[in-house]
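Following this note's numbering, the numbering of the sequence shown begins with 414 at its first residue and continues without gaps.
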Amino acid sequence: MAVIEKILQLNIVVEDLEQAIKNFEAYGVGPWTRDDGTSQVLSRRRVNGKAREYEFYAAFSVIGDVEIELIQPADEMSDYARFLKEHGPGVHHIAVQASQDGLSQVLEKRGVPVIQSGYWAGFGGYTYYDTQEDLGLILETYDLEKE
């Protein structure tokens, strides 16, 4: 049985959200929904184990069964900002549906650290795991328990 069962989301970090939306629309991707990550909707934000009040601008669309998420950092405190500074625009992470026990065991066994996490009101928790050395990208998992 596969530990990772399905790709739910592809996240791309961008320098200019509005321009990125226009670029994707030129390729027929859309419509887009805006839902920015601000202090009004985000809580319990952590980066590398430390509390951080990061914010970002976001837009969402769907291709097939996969959500496309574009994020423009609004400050320098998030892993999105680090990624953009080090790599430029590009794929930051994929969100996956996984066998939680199986994935937890693999992550623990391999010593994979959490690099960013938070809670989005009305959605639930999200956690990014630094699987870049193993997989060449960051994995995101959701905890859809709502407060």
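All residues carry an ideal CB built from backbone N, CA and C; glycine is no exception.
Practice task
Identify every residue that forms a DSSP beta bridge with residue 463.
Solution key: Your numbering for residue 463 matches position 50 in the sequence shown. In DSSP, residue 463 forms a bridge with 460.
Practice task
Assess, as a yes-or-no matter, whether the segment 511-519 is touched by the segment 461-475 under the definition of 3 or more beta carbon pairs within less than 8 Å.
Solution key: Here the segment 461-475 makes no contact with the segment 511-519; the two share fewer than three CB pairs at distances below 8 Å.
Practice task
Leaving aside the five residues before and after residue 525 along the sequence, list all residues of the same chain whose C-beta is less than 7 Å from its C-beta, in chain order.
Solution key: By 1-based counting over the sequence shown, the position of residue 525 is 112. Closer than 7 Å at the Cβ level, and outside the excluded window around residue 525, lie 542, 543 and 544.
Problem - Pair within 8 Å by beta-carbon distance, residue 479 and residue 423 - result: Translated into the one-based positions of the sequence shown, residue 479 becomes position 66. Translated into the one-based positions of the sequence shown, residue 423 becomes position 10. If you check the CB distance, residue 479 and residue 423 come in under 8 Å.
Exercise for the section: Kindly give me the distance between the Cβ atoms of residue 455 and residue 532, rounded to whole angstroms, as I take these residues to be in contact under 8 Å. Expected result: Your numbering for residue 455 matches position 42 in the sequence shown. Your numbering for residue 532 matches position 119 in the sequence shown. Contact check for residue 455 and residue 532: beta-carbon distance about 7 Å, within the 8 Å limit, so the pair qualifies.
Exercise for the section: State the beta-bridge partners of residue 556 as determined by DSSP. Expected result: In the sequence shown, the residue the question calls residue 556 occupies position 143. In the DSSP output, where bridge partners are listed per residue, residue 556 has 538.
Exercise for the section: Could you tell me which residues DSSP puts in a beta bridge with residue 447? Expected result: Position 34 of the sequence shown, counting from 1, holds the residue named residue 447. DSSP, once it has assigned bridges, lists 472 as partnering residue 447.
Problem - C-alpha gap between residue 577 and residue 481, whole angstroms - result: Residue 577 lies beyond the residue range present for the chain, which begins at 414 and ends at 560; the question has no answer from this structure.
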